[in-house]
Amino acid sequence: MQLIPIPLEGSPDLASVPITASVREWIDGNQAFYKVVSFAPPWTAYLAVEEDAVVGTCAFKGAPKPGIVEIAYATRPDLEGRGIATRMAMELVRISRTTDPAVRIIAQTLPEVNASTRVLTKCGFAQVRDAVDDEAGTVWEWELPA
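Heads up, the sequence shown is in the working numbering, so the first residue is 65 and it goes up one at a time.
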């Protein structure tokens, strides 16, 4: 898996990988999010590419503050159940640990066992508390032990 950074403006450098309508939505959505949380590489969004196709998107939900960074990921619906989200999450962990090993990495999920909770468990995260998300309401918060 290769993670291609989504730039602040314009299109990512995808070489020969086609940008479909759904990929364009991911790019536009993340670029709009940058205007809310700032653009601070490497704490940005990425397109995940495998075998010359975009298979998903993943992101840090902004730069760490204070010493905590949240991750998020989404797999193309037609490719779910193939471990792509797990690989994306692990790549985000690698980027975070390489950039600043002291940063705590968290994620949030709906408060029910689902594919995302299985991804986080496989990646070594532990459910640590309930939290409130502005859009989703009550969520489970997960943290990766240092």
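Glycine included, every Cβ here is placed at the ideal spot set by N, Cα and C.
Please go through the same chain and pick out, in chain order, the residues whose beta-carbon is closer than 6 Å to the beta-carbon of P128, but skip the five residues on each side of it. Position 64 of the sequence shown holds residue 128. Here the set comprises V167.
Use the C-beta contact count for N178: other C-beta atoms within 10 angstroms, 16 or more gives buried, fewer gives exposed. Along the sequence shown, one-based indexing puts residue 178 at 114. Exposed, because fewer than 16 other Cβ atoms sit within 10 Å of the Cβ of N178.
CB of L111 within 8 Å of CB of V101, strictly: The residue given as residue 111 occupies position 47 in the sequence shown. The residue given as residue 101 occupies position 37 in the sequence shown. It is not a contact, given that the beta carbons lie outside the stated cut-off.
Length of the line joining the Cα atoms of G147 and I83: Residue 147 sits at position 83 when you count from the first residue of the sequence shown. Residue 83 sits at position 19 when you count from the first residue of the sequence shown. Those two C-alpha atoms are separated by around 22 Å.
Could you work out which residue in A104, D116, P165 and V157 is closest to D77 when comparing CA atoms only? Walking along the sequence shown from the start, residue 77 turns up at place 13. Considering only alpha carbons, the answer is D116.
Excluding five sequence neighbours on each side, which residues of the same chain lie with their C-beta closer than 7 Å to the C-beta of I159? Reading the sequence shown from its first residue, position 95 is the one you call residue 159. Listed in chain order, the non-local C-beta contacts of I159 below 7 Å within the same chain comprise P106, local neighbours out to five positions each way being set aside.
Take Q172 as the anchor and find which of G145, R140, P165 and K125 has the nearest alpha-carbon. By 1-based counting over the sequence shown, the position of residue 172 is 108. When each option's Cα is compared against that of Q172, the closest is K125.
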